[in-house]
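To keep things clear, I will list the structure first and then write my remarks on it.
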Amino acid sequence: MHTLLILFQAEEAPESRLSELFDQVLTFLYTLAHWAGQLIAKLIEYIIGSQMPVDLIDPLGFLVLLTLFLIVVEVAKKIAWLVVIVGWVLILVRIVMEVLGK
Numbered sequence: 000m001h002t003l004l005i006l007f008q009a010e011e012a013p014e015s016r017l018s019e020l021f022d023q024v025l026t027f028l029y030t031l032a033h034w035a036g037q038l039i040a041k042l043i044e045y046i047i048g049s050q051m052p053v054d055l056i057d058p059l060g061f062l063v064l065l066t067l068f069l070i071v072v073e074v075a076k077k078i079a080w081l082v083v084i085v086g087w088v089l090i091l092v093r094i095v096m097e098v099l100g101k
């Protein structure tokens, strides 16, 4: 009886799990942005030959992530349009075949 009570009390609320997942996703995105910012900052430092301010690393990283996200969205949009166009062409071919077949 005591074991069941302890297990029942230890179960987290769904809101708590969702909040924890949200925190983990944000932490992951921040880590990616920080690493990307460090990489870009090192590249810029190598090119210009002087030290960059440390407070620019995170903004650079987030801009890199946003840019990559926009590139992925644009590619997905073009693929979606290609699928739609092919679908319309196949529908029109089917309609023409039905009309000519009768």
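When we follow numbering that gives the first Met the number 0, the leftmost residue of the sequence shown carries the number 0, and every step to the right adds one.
All C-beta atoms, glycine included, are put in the ideal place defined by N, C-alpha and C.
Because the structure is a prediction, the values reported are computed rather than measured.
Residue i lies in the alpha helix (DSSP H); which residues open and close that run?
| i | result |
| --- | --- |
| LEU53 | For the record, residue 53 in the displayed sequence is Val; it is not Leu. Neither: VAL53 is in no alpha helix (DSSP H) and is coded neither H nor E. |
For residue i, which residues in the same chain have their Cβ closer than 8 Å to its Cβ, ignoring the five residues on either side in sequence?
| i | result |
| --- | --- |
| ALA130 | No information on residue 130 is available, as it lies outside the stretch 0 to 101 that the chain covers here. |
| ALA35 | LEU59, GLY60, VAL63, LEU64 |
| GLN50 | GLU44 |
| ILE55 | This sequence places Leu at residue 55; Ile is not what is there. Excluding residues within five positions, the ones whose Cβ falls inside 8 Å are GLY36, ALA40. |
| MET0 | In this prediction, MET0 scores a pLDDT of 49, lower than 50, which makes its location untrustworthy; no coordinate-derived value is stated. |
Note down the Cα distance separating residue i from residue j, rounded to an integer number of angstroms.
| i | j | result |
| --- | --- | --- |
| VAL83 | GLU44 | 45 Å |
| ILE90 | SER18 | 46 Å |
| LEU67 | VAL74 | 11 Å |
| ARG16 | LEU81 | 39 Å |
| LEU42 | VAL53 | 14 Å |
Tell me which residues share the same chain as residue i and place their Cβ nearer than 7 Å to its Cβ, disregarding the 5 neighbours each side in the sequence.
| i | result |
| --- | --- |
| PRO13 | none |
| GLY48 | none |
Could you pull out every residue in the same chain whose Cβ sits closer than 6 Å to the Cβ of residue i, ignoring the five residues on either side in sequence?
| i | result |
| --- | --- |
| GLN23 | none |
May I ask you to check if the CB of residue i is nearer than 7 Å to at least one heavy atom of the ligand GTP?
| i | result |
| --- | --- |
| PHE61 | Ligands are entirely absent from the displayed structure, and the ligand GTP is therefore not among its contents. |
Between the region 27 to 37 and the region 60 to 69, do at least 3 Cβ pairs fall closer than 8 Å?
yes
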